[in-house]
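A.B. asks: For reference, the structure I am asking about is given below.
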Amino acid sequence: MSTSVRSRNSNSRGKVLTRPFDRAVLAKARAVAGRYKIIVECEKGRWYGHGLEMPLVFGDGRTVRAAVADTREALVTAVAYLLEKDQAPPAPAREGNRSVQANVRLTPDEKAILESRAKAKGFRGLSDYIRAAVLAER
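Quick look at the structure:
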């Protein structure tokens, strides 16, 4: 079985990178990447996504659904490559064992602004929003 990745914004039109993976590796990669969180944003009418756990893995599309699907396939490819090289892919963020706490002092206005932005971007809470914003910069 093989999977292919193509950037719709690539200057080399029609050029498709095809990367074959063993079926078992690909199945495991799909299972792992399927649990990853995808962050989606719109810019100039086009939707772009990236993985929270793998912030340098991107996808795009004309709709949110297309961007998520494209990003998910890119994540599957990245995870399959890591598995093939006997490297452990990042654990899904929602399954991570968070045993360390950090406290941040905010004004009531700052907290309200951050909570509003977190909600608008679809995050469950302020800590998920802050963690995603910082980890996306890695």
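Under the working numbering, read the sequence shown as residues 52 to 189, first letter to last.
Glycine included, each C-beta is placed from N, C-alpha and C at the ideal position.
The structure presented is a predicted model; accordingly, all values stated were derived computationally and were not measured.
Distance, Cα to Cα, residue 122 vs residue 102?
C.D. replies: 7 Å
A.B. asks: Quickly, what does DSSP pair residue 92 with across the bridge? List them, please.
C.D. replies: 99
A.B. asks: Near residue 109, what residues of its chain come up, given a Cβ to Cβ distance below 6 Å and the 5 sequence neighbours on each side ignored?
C.D. replies: 101
A.B. asks: Taking the straight line between their C-alpha atoms, what separation do you get for residue 118 and residue 112?
C.D. replies: Here the C-alpha atom of residue 118 lies approximately 4 Å from the C-alpha atom of residue 112.
A.B. asks: With burial defined as no fewer than 16 other Cβ atoms inside 10 Å of the residue's Cβ, what is the status of residue 52: buried or exposed?
C.D. replies: The predicted model places residue 52 with a pLDDT of 35, which falls under 50 and marks its position as unreliable; any figure quoted below should be read in that light. Exposed, since its Cβ has fewer than 16 Cβ neighbours within 10 Å.
A.B. asks: Let me check understanding here. Comparing Cα to Cα, which of 178, 138, 88 and 92 lies closest to residue 151?
C.D. replies: If we check each option's Cα against that of residue 151, 178 comes out closest.
A.B. asks: Distance check for residue 157 and residue 104, CA to CA, integer angstroms please.
C.D. replies: For the pair residue 104 and residue 157, the Cα-to-Cα distance works out to about 27 Å.
A.B. asks: Counting C-beta neighbours from all protein chains within 10 Å, is the total for residue 169 16 or more, i.e. buried, or is it exposed?
C.D. replies: buried
A.B. asks: Taking the alpha helix (DSSP H) that residue 121 belongs to, which residues open and close that run?
C.D. replies: 115-135
A.B. asks: Under 8 Å between the Cβ atoms of residue 165 and residue 80?
C.D. replies: Cβ atoms of residue 165 and residue 80: not closer than 8 Å.
A.B. asks: Leaving aside the five residues before and after residue 141 along the sequence, list all residues of the same chain whose C-beta is less than 7 Å from its C-beta, in chain order.
C.D. replies: 104 and 105
A.B. asks: How many angstroms separate the CA atom of residue 124 from the CA atom of residue 161?
C.D. replies: 37 Å
A.B. asks: Checking the sheet assignment: what are the DSSP bridge partners for residue 109?
C.D. replies: 101
A.B. asks: Buried or exposed, going by whether 16 or more other CB atoms sit within 10 Å of the CB of residue 114?
C.D. replies: exposed
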